[in-house]
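Protein chains in written order, with the numbering used here: chain V, 1 to 661; chain X, 1001 to 1661; chain R, 2001 to 2661.
Note that the Cβ used here is the ideal one computed from N, Cα and C, for glycine as well.
Please read all numbers here as calculations on a predicted model, not as lab measurements.
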Amino acid sequence: MRLGVCYYPEHWPEAMWKDDAARMKALGIEQVRIAEFAWSRIEPSPGEYDWGWLDRAIDTLGEAGLKVVMCTPTATPPKWLIDRHPEILPVGADGRARAFGSRRHYDFSSPVWFEASRRICEAVAQRYGRHPAVAYWQTDNEYGCHNTVVSYSEAAVTRFRAWLAARYGNIGALNTAWGTVFWSMEYRSFDEIDAPIGTVTEAHPSHRLDYRRFASDEVRRYNLMQVEIIRAHSPGRPIAHNFMQLFTEFDHYKVAADLDVATWDSYPLGALEEQWYAPEIKARYLRTGHPDFASFNHDVYRGMSKLPFWVMEQQPGPVNWAHWNPAPLPGMVRLWSWEAFAHGAGCVSYFRWRQAPFAQEQMHAGLNTPDNRLDIGGSEAARVAEEIRTVLADPQADANARVDTRVALVFDYEAKWLFEVHPQGADFHYPRFAVEYYSALRSLGFDVDIVPVNAPLDRYQLIVVPPLPVVPDDFAQRLAQSGAQVILGPRTGSKTVDLQIPANLPPGPLAALLPLRVWRVESLRPNVTETVIFDADALPEGQARHWRDLIDIDAGATEIRARFGDGHPAWLTHDKIHYLASLFDDTTTAALFAQIARAAGLEPTPLGDALRVSRRGGLTWVFNYGPGTHRIDAGVPDLAIVIGQREIEAQGVAAYRTQHK
Amino acid sequence: MRLGVCYYPEHWPEAMWKDDAARMKALGIEQVRIAEFAWSRIEPSPGEYDWGWLDRAIDTLGEAGLKVVMCTPTATPPKWLIDRHPEILPVGADGRARAFGSRRHYDFSSPVWFEASRRICEAVAQRYGRHPAVAYWQTDNEYGCHNTVVSYSEAAVTRFRAWLAARYGNIGALNTAWGTVFWSMEYRSFDEIDAPIGTVTEAHPSHRLDYRRFASDEVRRYNLMQVEIIRAHSPGRPIAHNFMQLFTEFDHYKVAADLDVATWDSYPLGALEEQWYAPEIKARYLRTGHPDFASFNHDVYRGMSKLPFWVMEQQPGPVNWAHWNPAPLPGMVRLWSWEAFAHGAGCVSYFRWRQAPFAQEQMHAGLNTPDNRLDIGGSEAARVAEEIRTVLADPQADANARVDTRVALVFDYEAKWLFEVHPQGADFHYPRFAVEYYSALRSLGFDVDIVPVNAPLDRYQLIVVPPLPVVPDDFAQRLAQSGAQVILGPRTGSKTVDLQIPANLPPGPLAALLPLRVWRVESLRPNVTETVIFDADALPEGQARHWRDLIDIDAGATEIRARFGDGHPAWLTHDKIHYLASLFDDTTTAALFAQIARAAGLEPTPLGDALRVSRRGGLTWVFNYGPGTHRIDAGVPDLAIVIGQREIEAQGVAAYRTQHK
Amino acid sequence: MRLGVCYYPEHWPEAMWKDDAARMKALGIEQVRIAEFAWSRIEPSPGEYDWGWLDRAIDTLGEAGLKVVMCTPTATPPKWLIDRHPEILPVGADGRARAFGSRRHYDFSSPVWFEASRRICEAVAQRYGRHPAVAYWQTDNEYGCHNTVVSYSEAAVTRFRAWLAARYGNIGALNTAWGTVFWSMEYRSFDEIDAPIGTVTEAHPSHRLDYRRFASDEVRRYNLMQVEIIRAHSPGRPIAHNFMQLFTEFDHYKVAADLDVATWDSYPLGALEEQWYAPEIKARYLRTGHPDFASFNHDVYRGMSKLPFWVMEQQPGPVNWAHWNPAPLPGMVRLWSWEAFAHGAGCVSYFRWRQAPFAQEQMHAGLNTPDNRLDIGGSEAARVAEEIRTVLADPQADANARVDTRVALVFDYEAKWLFEVHPQGADFHYPRFAVEYYSALRSLGFDVDIVPVNAPLDRYQLIVVPPLPVVPDDFAQRLAQSGAQVILGPRTGSKTVDLQIPANLPPGPLAALLPLRVWRVESLRPNVTETVIFDADALPEGQARHWRDLIDIDAGATEIRARFGDGHPAWLTHDKIHYLASLFDDTTTAALFAQIARAAGLEPTPLGDALRVSRRGGLTWVFNYGPGTHRIDAGVPDLAIVIGQREIEAQGVAAYRTQHK
């Protein structure tokens, strides 16, 4: 548990650096990320490197006792490089190359770009790989930000054809896998295949899905190139990348597998404004963010990180990039920081040290205002630094403490691509549904592991699977062997890996586990819901939204636990496996999960929409997102409070020693 | 009255064909449409034909006693053809060619495409023109689907110039007709004229309207080429095209004039979701479709078909292409089928025999599920097949029975283009208003003929004309001679054929019939309505929407029957001619139509929003779209029910012998 | 005070011209604008001029005693010119050239176009510069209409680079001013700089703002070219341009500085429909326009015009170009005309004499209908002509009377560009906020001068500054010296001229005047407001919207007069300077302005949302926009009414002799 900050020495007079470093240290900051956008200062003209300023900056930080997270500067290729090699620019779905003038203006598939990247990474890694102050590395910056994973350039199409050839072997296999006979879309060779854009009506869904898979693989290939260069020149320094919240255009699991640390950039207010939330939800959590959004991401990255995950960029005040940019309430920067640690973070690093007065992000707050006074976020960071010392001093705490939970939620990147390519209902938004299932679990007080579909499942008592169209062949067996109660969302097992309907209809291979047959589906427009009526389980009537699987069962084999108003099954159970035929309103989802959790031997603690509880090691944290105070009642008269107080103020945090029953 | 189905032998193992054919036959299906998307299988490489599989497929169907509707496969040119001749691809209003990878990726004006089409049509027609199993033909598939009528290619512009030269003779005549002096848009030769796109502000409306007319004529020219080839090789077999519901970018009357059978593709649920209906209407009729939408189209195509029209594709379950895709209620497939027959259909053909598990339409239901079990739609089709036998056995029924009505509604394709090009109010949506007028008539229990503006009108007692901007010179005389009560919607007679304001102001040539002068108009935003107050006619106060014609009359000549709140005339009558100065709310429109119908000697039967009644030959059909049961009360104690029961269940149908008074 | 009309002899048979001229004269019209779209008739083919028709048209008008406003025809380059030089066409942000076929299809930066314009202007000015009937000139037509100021052509980028070189001197200065170090966007020479479009995420805001400034300067350069040609050939004739309501893509102050008369085109109903107003406001003022919209523009152009400003085009009835086009209520054409005069207009010129029956604007009303009968607008113009005679005959009136006010509102074009480029909240709409402040002042009965930020301020007692991001260095001093009460909106002083945050934070240089520091800001989504609570001032609680500046003050120096619900200052006062930290609801803004006006010694007269009062010379005008009658109560029993009556009917006007207290 430590704090970090993102710092841009190139933005400030050199005269300020020493004071900045001293003030960081005094504030309790231990690590400083630098240089991810500094290419034009490192190499102002082709082949002419200017290392001096960066040497001095790193030295200054090192001398202050700070550890440096060194970055490769590939997110911002300089103008001279683009002018020499315009084919580096990515191409949009409109067939036009994007232009220089912001960032991420590169095509993962461009061979020229690949070589240029290799060269600058080599140069930086060689120079600083063994610098004593450089303790960690970051590759590039926020892969996928601004929708930059998929490019439709000639270079990309050329590599896509090779990718397809490798995947399918021969063109006949591809024609069969995709079903190109439909609409005479058959290909005679891989060279006939173009990017799936610009068609008269929707392009072939299997073609589109494969293009998305290909584009994701290109990110992995590119990142691995950087990782290998850094490992060669900077042995022993952990390598990270800063993923961005739900920028799910590539498979984060696969990229993280090549790294040492998965980190992410947490902007709870910007995310709330830009994500799917309804306007009234955006107003309710305006200045706190949604209580489950950052947590969801913490749990995503905790799962895929070899070392404890980090928040590489933590929102310190208002940002500039959402449609509207409110200010966090006092206390929220502290709350978000502790929330990250409670979910297992090794480091929380604020973005940025000081608000820059110029360029695109000049309205993005820092720990300090542009006139160099400590902002609220800065004060709260200082308080967190102090509290970290308190916590680490506690006998029940431990810097290496783990989050230990019995509940898993399966999250899958391909699922998102597939449902985007082939939604069948315009608002079938996979990340939203995954977060809603997660939110139901969190509102019941559970800690949750978020895992890929191929993760070991043996340690869990409850496994929740949001709509997962493609399931691996061994998934049914692994679910059964886990012994857990399993909740499957609608559309699970509804597609083969080639994006076809399974021969036995959905849930495909899961029918072995759960004898049912989805013989028909329907998507529901937003102003339509269906009633859900529970039978034996005394749950109140609920509402189903978005989707319905209509299901046949063999009499007796599978139990119908709830029905829609028209009699079709809404919740089916076979042994410990549960299938939900729709997406229910939040209250109903939570009630149903609570019921199943109890069957799994897990006792839920309903927390409502403002409180959240997390456990790590021997401590329990309580977070109060709401406008009122909350008194912790953990069933014991005297609670061993470690930070905060039993009466938690609005936007407050408390941690106490977990009572092991 | 017979049933058909759409079938894709190329999608399934040959081993299944025989069983498929036998099961079709057993279900009561008599005709099978095939091969409209099979080009890549018929001609897998340039000039190399593979007829074997198709020979066998047709033989299999023929041997089972099924008649084949053979198609030309031009809706899906194969990849090798596009790669050789990319100029076949149509060009969008953005100036970019569309890409291969779905369907309808061709430009009607491309000479290369025209020749390629001629070649494949010749090949197919030659091979199967006299095959005993081939009983009918279909040209291409759904002209205009996915907005493919208008292309802005160089080829199209070249042909447009020639089209203009033929229409106007000399450039001076065009300049005068269009009024190009306005904004210095004058042309010195036809060669100076471009496509009407990409302009700084709106392009010239006459230019745009002529481009739409040209594009429509190109469809006719293309279809006629196919028809002539088929007629040459397959004499005596009726030729059809499957039009698509309200895909009105070309003149269906003109294309149908070259065919033997007008058919259309009926998707009541997809249409409801994608058309103009308000969200609450979409929710109300979610799983039934709007009671007047399919009917409207039946009546459109009945009017233009030489032989009884068909439904070439009937929705059998959920589809895949609307924003949301609900499932039809049980009974609806039967109801829709009977509704088509009651409106005069010769055949109802379901799309498709079996749901395909792959490609774009894998979520489109068929009569059978992908695992080859009979779906609800299939069972209902079987019931319809049985009921057809019952009906045809009835003494009052007759396979050639006609729909005989005294009410006509004038529907015009150019009107739609004109109001799109030149709306003057953003929501002036011609098809919507035409369907609303139709719906008012249907809610009053009338059968309706939908006719072009040049149709004979003598047999009607009531003629309803939705907003019809351009009226032929002889229209006034024909209306007067008909002796019918005539209802003219607002904006009727408001433009000359060149899209100018008539010299005498609207209603232009109709002023001879109806002495009034529209001296001013206004369009009304959606949150504004105007009150309508009826004078002598004791109708309740109504609301006017969208539009107002402000009208001068010579005192005495024309009677004012209703006024807007500010005193301007809202309903005017002269002899039997009625002019409506606005579009009224549904209730008011129906009440007013009822009043005028009575004056025409036609007694309305108000049916509400769930029941509909249709008569064909000696039988009367009643359709119950609503959620409750309905008991037929036709004024006689014992009704001769032919199918169904007097107490009609929700989504039920009944037919009884019409009581001739 | 006189009336004019816009006339297009080229649209009508020559036989009609003489009668048209006579009827204009009889109606009371004194001046006629012609020929702004007549290029294709003046020069039908390259170099072949046809002056005959235009000579005769001007002679006809002159002989009828009418004065001609002669126009350069550059708004509509003819087809032959575009075909010869397609590089004249402007290029959109999508990189595509726009097409011929409407108007304004030219690029201000094209050197070919500049020369072609020079040539046609020379030709026209030479021929008619000294014609006795030609009394005035208009350059081009509505610069900026249809979003035509900014072009992204190669020609524009080339000139932009030179513009930057001139502004910054060397590339280092530009890099510093823009802060290109951020995201490695540094340039090595001006030639590396492109247009700020097509980037992956937002392009650099300083780059974008400078591009907007450049594009505005190009308009000025182009207009000045035309002015100089006309001045050379037509000495002594005032030169005008017709600006368009809030088409603020170029700096109207700068263009007007080169003209003699600033005129504008007033379309109150079209503007209401197309501007930011909420649907319910659009419905309320549907057929009158908003009471403060035309006034705002009158006051804008009064301020920048050397001679009394004109309305060059006055809406005479429904228009064709808004999404919906309602008809003005009877009386409104008269009311709008008098409103212009009361605000200082020298001329009100109606657009157009007669509605054209063809082309894009065929649905745009004129004073006469297309069948050449006088329309309502024409009758009302005749009444205004008569009333002008009455007013000018009044001893207290005076043709040269001035509007004399003590209230100024600062309006700035760069502010709009800056907030568009860099909004930070998606609905931060500068013109809207400026008009809302203006509306508050007008609802209190004040006449208002609208002035640029560099205007002399000494004559004012109350100065209102809507959000003004960049303030000149001397602004603080000039405000202080004025002795006026000053109201500064939020975000005032928030940026340097280079679009950076001021070193001392906002309000930057104004902090000298008003000791406060905006240490944080937040933008608020539309469904969020903040309460505003007034302290000593007994104003009711209000609501803040859109934005909040969070403010620090040195204790004592600045008084907090209102606070937000969470305690942050909402209204601060130091001496006579007031700072508003947000945008308040209309009622609160008006109440607060009234309070401050009283402190300035100005007594407000609350008028509500239907009445408006204006004073010019010795007369006071009252305008009744509302649906009811209004009796003037000016505190005296017998009012000297000059036009209208003391009891003003709905949509009525009255003028009386101002009671000087």
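> Which ranges does the beta strand (DSSP E) cover as unbroken runs of at least 3 residues, wholly within the stretch 2287 to 2316 of chain R, from first to last along the chain?
Replying inline: You should have 2310 to 2314.
> Since R/Ser2040 contacts R/Ser2109 with CB under 8 Å, what's their CB separation in whole angstroms?
Replying inline: At roughly 24 Å, the Cβ-Cβ gap does not stay under 8 Å, so R/Ser2040 and R/Ser2109 are not in contact.
> CA-CA distance, V/Tyr430 and V/Phe411?
Replying inline: Their Cα atoms are separated by approximately 10 Å.
>> What would DSSP say about R/His2429, mapped onto helix, strand or coil?
In response: Coil, per DSSP.
> Helix, strand or coil: how does DSSP classify X/Gly1062 here?
Replying inline: helix
>> Let's see if you can read the secondary structure: which residues bound the alpha helix (DSSP H) around R/Gly2270?
In response: Segment 2268 to 2274, the alpha helix (DSSP H) holding R/Gly2270.
> What three-state label does DSSP hand V/Glu175 in the structure shown?
Replying inline: Reading the sequence as shown, one finds Asn at residue 175 of chain V and not Glu. DSSP, reduced to helix, strand and coil, places V/Asn175 within a helical segment of the structure shown.
> When the cut-off is 8 Å and only beta carbons count, does R/Leu2224 lie next to chain V?
Replying inline: It does not; no Cβ of chain V falls within 8 Å.
>> If distances are taken between C-alpha atoms only, which option among X/Arg1002, X/Pro1627, X/Trp1321 comes closest to X/Val1311?
In response: X/Arg1002
>> Closer than 8 Å is the cut-off here; do at least three beta carbon pairs connect the stretch 471 to 478 of chain V with the stretch 416 to 425 of chain V?
In response: Judged by Cβ distances under 8 Å, the stretch 471 to 478 of chain V makes no contact with the stretch 416 to 425 of chain V, as fewer than three pairs qualify.
> Quick one: Cα of V/Val91 to Cα of R/Arg2561, how far?
Replying inline: 54 Å
>> I'd like the span of the alpha helix (DSSP H) that includes V/Phe214, first residue to last.
In response: 205 to 233
> Between V/His364 and chain R, is there a C-beta pair that is closer than 8 Å?
Replying inline: no
> Where DSSP assigns a beta bridge to R/Met2070, which residues make up the other side?
Replying inline: R/Ile2034, R/Trp2137
>> Can you tell me where the alpha helix (DSSP H) holding V/Leu27 begins and where it ends?
In response: 14 to 27
>> So, under 8 Å CB-CB, V/His343 and V/Val403 are touching, yes? Tell me the CB distance rounded to an integer number of Å.
In response: About 6 Å; that satisfies the 8 Å criterion.
> By how many angstroms is the C-alpha of X/Asp1265 removed from the C-alpha of X/Leu1272?
Replying inline: 14 Å
> Whose Cβ in chain A lies nearer than 8 Å to the Cβ of X/Trp1080?
Replying inline: The structure shown has no chain A; the protein chains it does contain are V, X and R.
>> Measuring straight from C-alpha to C-alpha, what distance separates V/Glu647 and V/Glu115?
In response: 58 Å
>> Here's the rule I'm using: 16 or more other beta-carbon atoms within 10 Å means buried, otherwise exposed. How should X/Val1532 be labelled?
In response: Within a 10 Å sphere around the beta-carbon of X/Val1532 sit 16 or more other beta-carbons, which makes this residue buried.
>> Mapping the DSSP letters down to three states, classify R/Pro2328 as helix, strand or coil.
In response: DSSP, reduced to helix, strand and coil, places R/Pro2328 outside both helices and strands of the structure shown, so it counts as coil.
>> For V/Cys121, report the span of its alpha helix (DSSP H) as first-last.
In response: 111 to 128
> How is the alpha helix (DSSP H) around R/Gln2477 delimited, first residue to last?
Replying inline: 2475 to 2482
> Taking C-alpha atoms, which residue in X/His1207, X/Trp1336, X/Gly1198, X/Val1465 lies nearest to X/Tyr1187?
Replying inline: X/His1207
> Going along the chain, which residues of its own chain have a beta-carbon closer than 8 Å to the beta-carbon of V/Val181, five neighbours each way excluded?
Replying inline: Asn175
> Can you name the start and end residues of the alpha helix (DSSP H) that X/Thr1390 belongs to?
Replying inline: From DSSP, the alpha helix (DSSP H) with X/Thr1390 extends over 1376 to 1393.
> Since X/Glu1313 contacts X/Asn1368 with CB under 8 Å, what's their CB separation in whole angstroms?
Replying inline: Actually they do not touch by this definition, with Cβ atoms about 16 Å apart.
>> In the DSSP output, what is X/Asp1449 paired with across the bridge?
In response: X/Ala1408
> Based on Cα-Cα distance, which residue from R/Tyr2106, R/Trp2053, R/Leu2488 lies nearest to R/Tyr2579?
Replying inline: R/Leu2488
> Distance, Cα to Cα, X/Leu1457 vs X/Phe1341?
Replying inline: 24 Å
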